[in-house]
Amino acid sequence: MGANVTYKLRNTIEICTLPLLQLYDTRKLCGCANSVLFLTFLHHLRDIKDPEHPYSLEELKVITEDAIELDAKRNYVRVTFTPTVEHCSMATVIGLCLRVKLMRSLPSRFKVDIRVAPGTHATEAAVNKQLNDKERVAAALENPNLVDMVDECLGPSYE
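Using the numbering used here, you'd call the opening residue of the sequence shown number 26 and step up by one each time.
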């Protein structure tokens, strides 16, 4: 992406700071609702902090603009993330952070699919299964230590 495109994208994202729930309910008021909704998704996910590094998932290229698939008509979103290393021990925590952020931001009618990018993690199938199993996610969110870690990653950054 060129510098001008990035600059324009960042300015657009800064303008589109409505919570996803509000934006989705008011989408008929905007002729470019799908684009705005997509940019708002990116805005909500871009600042999630990595659990091991002092950088955001976007800065580490764990999530990118291309990694978000949105079908507003079918109420479906898929986020594909790329762990920094093949044996990343925090892949499930990163995926859980993405899922929790979307759970807190989206209307409940949305189906959320979180995936590790194919070929980027040693236990890709197991991580994908964990992240998309409602019972496993619910069990993980009952663990106070894990919830604290997720909340820390989702907390505001003071850059």
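We treat Cβ as the ideally placed atom computed from N, Cα and C, and that holds for glycine.
Can you check which of these residues, P76, D91, L166, is closest to R129 by C-alpha distance?
It is L166.
According to DSSP, what are the bridge partners of R124?
Bridge partners of R124: none, in fact.
Is the region 143 to 150 touching the region 168 to 184 in the sense that three or more CB pairs, one from each, lie closer than 8 Å?
Taking 8 Å as the limit for Cβ pairs, the verdict is that the region 143 to 150 does not touch the region 168 to 184.
Quick check on the DSSP output: the alpha helix (DSSP H) that includes D91 runs from which residue to which?
Counting along the chain, D91 falls outside any alpha helix (DSSP H), and DSSP gives it neither H nor E.
Looking at C-alpha atoms only, which residue of K98, H68, P79, T107 is the closest neighbour of V152?
It is T107 whose Cα lies nearest to the Cα of V152.
Note down, in chain order, each residue of its chain lying with its Cβ closer than 6 Å to the Cβ of L85, except the 5 sequence neighbours on either side.
Here the set comprises D75, T109.
Kindly indicate the opening and closing residues of the beta strand (DSSP E) around V110.
No beta strand (DSSP E) contains V110, which DSSP labels as neither H nor E.
Tell me which same chain residues have a C-beta within less than 8 Å of the C-beta of M174, skipping the five on either side of it?
Within the same chain, M174 has close Cβ partners P76, V118.
Is the separation between the beta-carbon of L127 and that of V137 shorter than 8 Å?
In contact: L127 and V137 (Cβ atoms closer than 8 Å).
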